[in-house]
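First residue of the sequence shown: 718, per our numbering; consecutive thereafter. What follows is a single structure, written as structure tokens, with notes after it.
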Amino acid sequence: MRASFGLIVIVLFVTASTWADSSPILTASEVLALKLPDVRIEAAVHHDGSESSGGVRVAHLDVKGVIGGSIRFELLLPDEWNGRFAMGGGGGLVGSIQNVARGSINNGFATVGTDTGHQAGGTDGSWALDNLEALVNFGHVAVHRTAEVSKAIMREHYGKGPSKSYFLGCSRGGGQALMEAQRYPRDFDGIVAGAPAFDWPGVAALFVHIAQTMYPDPNNLTKTWLTPEDLDHIYAEIMTQVDEQDGLKDGIIDDPMAVTFDLSKVSGLTDAQRAAVQAVYDGVSNADGKVYPGFPIGAEAGRGGWFTWLVGPTPGTVSLSYAFGTNIFKYFVFNDPDWDYSTYDFSNWQADTRLAGSVLSSKDPNLDAFASRGGKLILWHGWADAALPAQATVAYYEEILQRDAKAMDYARLFMVPGCYHCGGGPGISQVNWLKVIIDWVEGGTAPDRVIASKPGRGDSPAMTRPLLPYPQRAEYKGTGDKHNASSFILRKQ
């Protein structure tokens, strides 16, 4: 879900554009005076690039405005434009202007972000109380309208629109990415959806189910069954059992679905603790069957793992999953700020969440309209994600493949070993996704092998590994530096 708490890593360096560089034809005051339908431009300020402004190091025009009275956006227009447009997604419940592609302006991209129509904290859903319009803006309209308005301003400012348009997002931004491919297939030519929050009823149910099992007393949310020390112990036991099952003892589980782990062999846990752990692994079900999958093993310990998302980021504070899950049910589903998570039994979950799901979820495997115009989609997810279950993304992608046997021509999934939510973790997490999607869209080079890295000291990575399109995965070839991608080959089936 990612509010402002996590780390998202999208390396934003690309080669020079084949599109001739374009210079502005309007001044800042002329952009400020533009009249566009249902749009109010509130500020247009030129920066000469002599000083870094919010990570921007090039001369540019910073345009701020409001669409439809509530959808705020910030559009950055470089003086030396490469002809491309990159929109970045947000995290959590957004509530402020967010743009994970902001740094792309330093390489000549025009780039924009939006608050999706409300101002609030990243886990606060109270703005949606009895406000369907706000929920619809958050669900899909705000990103679409921001993309349209941004292109209109570009046409005025540069005298032409972008040659190619891209969307990059992770967590909520990953869900926004999928929504664009499904509902608004003409907005973007290439889309990168990382760790996507795409099934809101399902993931909210999972969060509430885990909270019901994790807190001994629903009236005291400062204490859970599991302490940081418990999580460290569980993780150590897991690694003892499974680390070498992928052929390499390196502290990374390449694919947690391909190893065998027995929780009953973990010593020192009470029955209540064991039940809480099992609830995280199993996911949530009702009489009709599985509602949403749980989390795989591999993220129990460490900042960015269970401690942050499922137990509490600091001792005595509620978990982020509790905050997200209860806010979604209170304000998106039931319109009841007094709704009690502890007594919900999920028996009417499907009916309860139908309206909210129709507005928020982006789980349609039909990408025909996007593919027919040459659109390309990359999905990626960290196997050690403790915020959004990796299996859910795998299941969605398998639906795409089942529906269209040729889907890999336009949609590919990459699973990232040891990666937490949108970045970090014991494994690799950094990928130049923008370059990968541009190479596919503009160069026709489908990504068959993507090199991912783990940050090290200075400019040198601590580790590199190849990522292969799902269902393929790489394995250590038995010789060579285990921290170097050249030592890994396609796993034999």
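Note that the Cβ used here is the ideal one computed from N, Cα and C, for glycine as well. Computed from a prediction, not measured in an experiment: that's the story for all the values here.
When secondary structure is reduced to three states using DSSP, Phe-802 falls in the strand class. Approximately 18 Å separates the beta-carbon atoms of Trp-798 and Gly-830; this is outside 8 Å, ruling out the contact. Taking each of Ile-822, Ala-1040 and Ala-1068 in turn and checking the Cα distance to Val-1050, the smallest one comes out for Ala-1068. For Lys-881, the enclosing beta strand (DSSP E) begins and ends at 881 to 887. Pairing Gly-1144 with Lys-1171 gives a Cβ-Cβ distance under 8 Å. Per DSSP, Ala-1124 is not a residue of any alpha helix (DSSP H), being assigned neither H nor E.
Taking all protein chains in view, the Cβ of Val-762 is surrounded by fewer than 16 other Cβ atoms within 10 Å, so the residue is classified as exposed. For a cut-off of 8 Å, the C-beta gap from Pro-1178 to Phe-1205 is around 14 Å, too long to register as a contact. The Cβ atoms of Ile-784 and Arg-862 sit closer than 8 Å to each other. Following the DSSP letters along the chain, one finds Arg-903 in no alpha helix (DSSP H), marked with neither H nor E.
The distance from the Cβ of Cys-1136 to that of Trp-1100 is about 7 Å, consistent with a contact at the 8 Å cut-off. Per DSSP, the unbroken alpha helix (DSSP H) holding Leu-1151 starts and ends at 1150 to 1160. If you ignore the 5 residues before and after Leu-895, its C-beta comes within less than 7 Å of the C-beta of Ala-910, Pro-913, Phe-915 and Ser-1079, all in its own chain and listed in chain order. With respect to Arg-801, Gly-772 sits apart: the two C-beta atoms are not nearer than 8 Å. Boundaries of the alpha helix (DSSP H) around Gly-1074: 1071 to 1077. Partner residues in the beta bridge of Ala-827, as assigned by DSSP, are Phe-802.
Ranked by how close their Cα comes to the Cα of Val-1133, the residues Tyr-1127, Ala-1124, Ile-1045 and Ser-1146 have Ser-1146 in first place.
Pro-1030 and Leu-1185 have their C-alpha atoms some 33 Å from each other. With a 10 Å radius around the Cβ and a threshold of 16 neighbouring Cβ atoms, Ala-1109 comes out buried. Glu-850 is classed as exposed because its beta carbon has fewer than 16 other beta carbons within 10 Å across all chains shown. DSSP, read as helix, strand or coil, puts Ala-1018 in coil. Assigned with DSSP and collapsed to three states, Gln-1189 falls in coil, not helix or strand. Separation of His-1098 and Phe-1131 (C-alpha to C-alpha, rounded to the nearest whole angstrom) is 7 Å. In the pairwise beta carbon analysis, the segment 937 to 944 is classified as not touching the segment 1112 to 1122: fewer than three pairs are separated by under 8 Å.
Per the coordinates, the alpha-carbon of Ser-1203 lies some 17 Å from the alpha-carbon of Lys-966.
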